[in-house]
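Each remark here refers to the structure printed beneath this line.
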Amino acid sequence: MRSSSLKWGMAVFALNMVFGSVAYSATFEPTSLFSDISQIPQDKTEAIREAVRLGLLSGYPNGEFHPLAQLTRQELAVILAKALHLQIKSSVSSSFKDVDSINWASGYIEAVKGADLMSGDKTNIFRPNDPVSREELATIFVRAIGGTEALGGQVSQVADQSQISVWASGSVDTALRLGLIDTPDGRLNPKGALLREDIALFLVEIFKQEQQTAKIDRVDGDIVTIDGVPYLVAGKLKQIIGDTNREALVGAVLKFNSLNRNLDGIQELEIVQSGVVINASSISANTSLRISGDNVTLRGNVPGELIVKEGVSSLNIEGRVERIILNTVAQFSLKGTGSLQNMQIVSAGAKVTLDPSLAVENLQLPANTQVSQVIQNYQAVQKSITHVLSADGIIQTPSVPGSSNQSDGNSPVNHAPYVRNTIDTVTVGFADGTHTVSLASTFSDPDNDALTYTAASANTDAVTVSINGADLTITPVHAGTAIITVTANDGKGGSKQTTFTVTVEAATPVNREPIVVNTISSFTASVENGSRTVSLASTFSDPDNDALTYTAASANTGIATVSINGADLTITPVHAGTAIITVTANDGKGGSKQTTFTVTFEAATPVNREPIVVNTISSFTASVENGSRTVSLTSTFSDPDNDALIYTAASANTDAATVSINGADLTITPVHAGTAIITVTANDGKGGSKQTTFTVTFEAAVPKGLFFSELVWGQSDSNLQAIELYNPTGHDIDTSKIRIERSNGGEPITLENGKISSGGLFMIVESSYSETDVPVDYNTMMNFYYDDTQPVTLSLYYENKLMDIVVFCPYQSVSRVSGTVIGSTTAYESAQWVSEGVDYIGGLGKYTP
């Protein structure tokens, strides 16, 4: 059982980073398809489609997605930062030697480092362009959902367990128990790189926010498995959805919210097991607890709603329940020693037996029903029931058969007031002054007596109280907490009390904002001079001597970026131009002050940076006969200065392979069998270049040629003589160039113009054979039936070249073994032939190469 309303939310939002900024975004309509995703699995395709539909996923300008490209560490950093809504600082110094502060992903990398999701090595190297391994991804996902200390769950062993790195083994184990990483064919492939086609599906499966209703499979430690999916449980939720209630929760129906594979709130919990104990002491007032199992024992206080479903015959309550609704239509036993603030019986057909040890404050009856009709032992438990209400909430004075509701013939029984609505906790500031609470709806009197009120504070040093009619006035004295007791009196000896808490918070002193005591001078410098640091220690002052923290922003980050370290402001040039810098001092109490100044950076002599290799080209092995292969260099190189790149290539062994370049496409053409090292060079046109090499191996082509594939010399009909030829080559064969010579001295068999298609058969049949059960491509007078006393050796020639030799035996049908690609040219090889018996024609026209 599972109903779900999925919010793709943050997961799909995160996709825009990797496939927009990094993948040179090209916009597609929601119905558009990338030209290179048709071969990836359907579930991954649908995840990508959904992101495209929402306008959050795009590919390359040529309409491709590059699903098999590897995802880099800096791309994953941006995904995580956006998926988890981490704060990204617009200007920040990089913590890593290999991440420039102006790198497009620098702020995101710092954010995930600060959140302890990703880090570098001991030498502060982050490796931003390295591919993300699957064991690394598993470790990061565990950190991202807060599962590093998670216990329990179903242990999952993988076949390549020994290949998991020691540093990752604990997190990988947790990721497998939480179902955060897939294991195709029971293998993790821990060192394998994550591909672009994978990331969309991972995100929508893990970082999704949804509300659903489903059955609990099992509870184990910090992990609850719901409808086959493991979720983390923490905090107060673990007290109700935890090992304490493991037995009672089997098969329980749960309506809940989840976020980042964590249980994030429960709306409904239905216990279906019978004879179990459920401890509900930590259940929220917003959770509806439902019982459909029989003979359940409920322990702890239920501040919200408890619904007993139809068909339950017995329930034991050991605690306080705010509201219980009985849907029973038959015999029902309510046992225990607890208290029920409000108890509603829905059906007039209910037959409830109430334990005398249970206290009921308000019992609400079905319409047109007397209490003795639905409470089977009312006379025995009436003292345990404070108020009996009709279906519309009006208090009744019930009568019990055989009893009187009057103490004597003339004096009515007085009923004490009762609490209809409790008073919420009050929090006030000392400077807020008095606070008034109306008591008009707090109490009610069953006899409609006029009520008077009194109130008392348990801590008059913090709060004093007074009553004016039905208004309670609370006056703060000092910061502190007081319990207030309010009493309602009916004037006839009946009274009722209720209590609530008042907290007085200390007055907040008036904060004065910082001031600027010395402005920062504008300046002009050269870009090549690098960063400049300005001390802010004497720029601002705070009248209240509050410690100040500083932030800074550049109005033109294409010209200059800024960062703050304590009271030091660092301005870093990016390009020539002018930028206004705004510095803000914050006192931590809501006060702030800004000052601005201008920086001008003059152009420096440009330094050209050479291209870099971002993805190496994989070596490969192929057959010479497969022909040329083209490799795109688009994602092989990148230029830090965004210079347009020109490519050249060279083969170290042109006898094996030659190469050519067309734009960004490299074509490798086989010449002969052998191996060649291919060197590809990217030039930026400004003196910068970069090379990468790979190896190609071409294997020799398997020779193929025309050959005999089947021969039939009939016995029952001597005119049945058929010769079948097969063309295994990759081109058509001209039949006019075919000649079959025979050892019996007869005329050679020649054919007129025609062709045998590549991979096709050609059937030559004796002209005298008149039956139609043999496929015919060419009829000729072969006349083998003139002499059926001895075999005839047939030699097949094409363009005067001997192609095959076979022995044609009277009254036999023979077929060539499968897999033959060339005939025998030295002698007849009987091992290549299979005898099919006499008059067998079933194999003609059906040769399997």
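For the sequence shown, position 660 matches number 660 in full-length UniProt numbering, and the numbering has no gaps at all.
Virtual Cβ for every residue (Gly too), placed ideally from N, Cα, C.
Review point. In or out: residue 731 buried (at least 16 other Cβ within 10 Å) or exposed?
Key: Position 731 of the sequence shown holds residue 731. A residue is called buried once 16 or more other Cβ atoms fall within 10 Å of its Cβ, and residue 731, having fewer, is exposed.
Check your understanding: Is it right to say residue 637 is buried, meaning 16 or more other beta carbons lie within 10 angstroms of its own, or is it exposed?
Key -> Against the sequence shown, residue 637 aligns to sequence position 637. Buried is the call here.
Point to revise | Cβ shell of residue 357 (< 6 Å), same chain only, five flanking positions each side left out | key: To locate residue 357, count along the sequence shown from 1; it is residue 357. Closer than 6 Å at the Cβ level, and outside the excluded window around residue 357, lie 337.
Check your understanding: Among 462, 498 and 709, which has the Cα closest to the Cα of residue 820?
Key -> In the sequence shown, the residue the question calls residue 820 occupies position 820. Looking at the Cα atoms, 709 is the closest of the given residues.
Check your understanding: Which one of 501, 469 and 439 has the shortest CA to CA distance from residue 462?
Key -> Counting from one through the sequence shown, the residue named residue 462 turns up at place 462. If we check each option's Cα against that of residue 462, 501 comes out closest.
Practice item. Have a look at residue 736 and residue 658 and give me their C-alpha separation to the nearest angstrom. Key: In the sequence shown, the residue the question calls residue 736 occupies position 736. In the sequence shown, the residue the question calls residue 658 occupies position 658. C-alpha of residue 736 to C-alpha of residue 658: approximately 37 Å in a straight line.
Check your understanding: By Cβ distance, which residues of its chain are closer than 7 Å to residue 147, with the 5 residues on each side in sequence left out?
Key -> By 1-based counting over the sequence shown, the position of residue 147 is 147. Leaving aside the five residues that flank residue 147 on each side, the residues in its chain whose CB is nearer than 7 Å to its CB run, in chain order, 174, 178 and 232.
Exercise for review: For residue 811, name the three-state secondary structure that DSSP assigns.
Suggested key: Along the sequence shown, one-based indexing puts residue 811 at 811. DSSP places residue 811 in coil when its eight states are reduced to three.
Review point. Can you name the start and end residues of the beta strand (DSSP E) that residue 198 belongs to?
Key: Numbered from its first residue, the sequence shown carries residue 198 at position 198. Per DSSP, residue 198 lies in no beta strand (DSSP E); the unbroken alpha helix (DSSP H) holding it starts and ends at 196-206.
Exercise for review: Pull up the DSSP beta-bridge partners for residue 761, would you.
Suggested key: By 1-based counting over the sequence shown, the position of residue 761 is 761. In the DSSP assignment, the residues bridged to residue 761 are 726.
Review point. What did DSSP end up calling residue 403 once you bin it into helix, strand or coil?
Key: Against the sequence shown, residue 403 aligns to sequence position 403. Because the pLDDT of residue 403 is 45, which lies under 50, any placement of that residue in the model is unreliable, and the question is left without a value.
Exercise for review: Going by CA-CA distance only, name the one from 169, 201, 376 and 569 that's closest to residue 188.
Suggested key: In the sequence shown, residue 188 corresponds to position 188, counting from 1. Ranked by how close their Cα comes to the Cα of residue 188, the residues 169, 201, 376 and 569 have 169 in first place.
Exercise for review: Ignore the nearest five residues each way along the sequence and tell me which others in residue 531's own chain have a CB closer than 6 Å to its CB.
Suggested key: As a first step, residue 531 is located in the sequence shown; it is residue number 531 there, counting from the start. Around residue 531, the same chain offers 570 and 572 as residues with beta carbons nearer than 6 Å, after the five sequence neighbours per side are excluded.
**Study point:** Bridge-paired residues (DSSP) for residue 755
**Key:** By one-based count along the sequence shown, residue 755 stands at place 755. Bridge partners of residue 755: 734.
Review point. Considering only the beta carbon of each residue, do residue 241 and residue 229 sit closer than 7 Å?
Key: Taking the first residue of the sequence shown as 1, we reach residue 241 at position 241. Taking the first residue of the sequence shown as 1, we reach residue 229 at position 229. Not in contact: residue 241 and residue 229 (Cβ atoms no closer than 7 Å).
Point to revise | C-beta atoms of residue 559 and residue 579 nearer than 7 Å | key: Within the sequence shown, residue 559 is the residue found at index 559, counting from 1. Within the sequence shown, residue 579 is the residue found at index 579, counting from 1. Yes, Cβ-Cβ distance for residue 559 and residue 579 is below 7 Å.
Check your understanding: Whose C-beta lies closer than 7 Å to the C-beta of residue 854 among residues of the same chain, with five residues either side of it excluded?
Key -> Because residue 854 is not part of the residues shown, which for the chain are 1 to 849, the question remains open.
Check your understanding: How about residue 715 and residue 838: do their beta carbons lie closer than 7 Å?
Key -> The residue you call residue 715 lines up with position 715 of the sequence shown. The residue you call residue 838 lines up with position 838 of the sequence shown. For residue 715 and residue 838, yes; Cβs fall inside 7 Å.
Exercise for review: Grab me the residues of residue 688's own chain with a C-beta within less than 7 Å of its C-beta, minus the 5 sequence neighbours each way, in chain order.
Suggested key: The residue given as residue 688 occupies position 688 in the sequence shown. Within the same chain, residue 688 has close Cβ partners 608, 609, 610 and 611.
**Study point:** Status (buried if at least 16 other CB within 10 Å, exposed otherwise) for residue 698
**Key:** On the sequence shown, position 698 is the one that residue 698 refers to. Counting every other CB atom within 10 Å of its CB across the protein chains shown gives residue 698 a total of 16 or more, marking it as buried.
Check your understanding: Any idea if residue 812 is buried or exposed, counting beta-carbon neighbours within 10 angstroms, 16 or more meaning buried?
Key -> Here residue 812 refers to the residue found at position 812 when the sequence shown is read from its first residue. Buried, by the Cβ-count rule.
**Study point:** Through-space distance from residue 265 to residue 54, alpha-carbon basis
**Key:** Numbered from 1 along the sequence shown, position 54 holds the residue referred to as residue 54. Numbered from 1 along the sequence shown, position 265 holds the residue referred to as residue 265. Summary for residue 54: the model assigns pLDDT 44, below 50, so the residue's position carries little reliability, and this model does not support an answer.
Point to revise | residue 373 versus residue 309 - alpha carbon distance | key: Indexing the sequence shown from 1 puts residue 373 at position 373. Indexing the sequence shown from 1 puts residue 309 at position 309. Roughly 20 Å separates the two Cα atoms.
Practice item. Determine the contact status of residue 211 and residue 259, defining contact as a CB-CB distance below 7 Å. Key: Here residue 211 corresponds to residue number 211 of the sequence shown, with the count starting at 1. Here residue 259 corresponds to residue number 259 of the sequence shown, with the count starting at 1. For residue 211 and residue 259, no; Cβs fall outside 7 Å.
Review point. For residue 769, does the count of other Cβ atoms within 10 angstroms reach 16, so buried, or fall short, so exposed?
Key: To locate residue 769, count along the sequence shown from 1; it is residue 769. Residue 769 is buried by the Cβ-count criterion.
Check your understanding: Got a sec, what are the start and stop residues for the beta strand (DSSP E) residue 322 sits in?
Key -> Reading the sequence shown from its first residue, position 322 is the one you call residue 322. Run containing residue 322: 320-326, per the beta strand (DSSP E) assignment.
Exercise for review: On the DSSP bridge assignment, give the partners of residue 816 in chain order.
Suggested key: If you number the sequence shown from 1, residue 816 lands on position 816. The partner list for residue 816 (beta bridge, DSSP) reads 833.
Review point. Can you list, in chain order, the stretches of the alpha helix (DSSP H) that have 4 or more residues and sit fully within the stretch 350-405?
Key: With a minimum length of 4 residues, the continuous alpha helix (DSSP H) runs that stay inside the stretch 350-405 are 371-374 and 378-381.
Practice item. State the DSSP-derived secondary structure class of residue 843, mapped to helix, strand or coil. Key: Your numbering for residue 843 matches position 843 in the sequence shown. Residue 843: coil per DSSP, three-state reduction.
Practice item. Using alpha carbons as the reference points, say which of 288, 376 and 368 lies closest to residue 390. Key: Here the question's residue 390 lines up with position 390 in the sequence shown. Distances from the alpha-carbon of residue 390 to those of 288, 376 and 368 put 368 closest.
Check your understanding: Whose C-alpha, out of 100, 192 and 83, is nearest the C-alpha of residue 133?
Key -> For this step, residue 133 is matched to residue 133 along the sequence shown. Of the residues 100, 192 and 83, the one whose Cα lies closest to the Cα of residue 133 is 192.
Review point. Thinking C-alpha only, which one of 592, 526 and 589 is nearest residue 599?
Key: Sequence index remark: in the sequence shown, residue 599 carries index 599 (1-based). Among 592, 526 and 589, the Cα nearest to that of residue 599 is on 526.
Practice item. Quick one: which unbroken beta strand (DSSP E) runs of 3-plus residues sit fully inside the stretch 217-272? Chain order, please. Key: As far as the stretch 217-272 is concerned, its whole beta strand (DSSP E) runs of at least 3 residues are 223-226, 229-232, 253-259 and 262-271.
Review point. Thinking C-beta only, is residue 672 closer than 7 Å to residue 656?
Key: As a position in the sequence shown, residue 656 is number 656, starting the count at 1. As a position in the sequence shown, residue 672 is number 672, starting the count at 1. Judged by their CB atoms, residue 656 and residue 672 are nearer to each other than the 7 Å cut-off.
Point to revise | For residue 706, three-class secondary structure by DSSP | key: The count along the sequence shown starts at 1 and reaches residue 706 at position 706. The answer is coil: DSSP assigns residue 706 none of H, G, I, E or B.
Point to revise | Minimum C-alpha distance to residue 285 - residue among 205, 666, 807 and 305 | key: Position 285 of the sequence shown, counted from the start, is the residue given in the question as residue 285. Closest by alpha carbon: 305.
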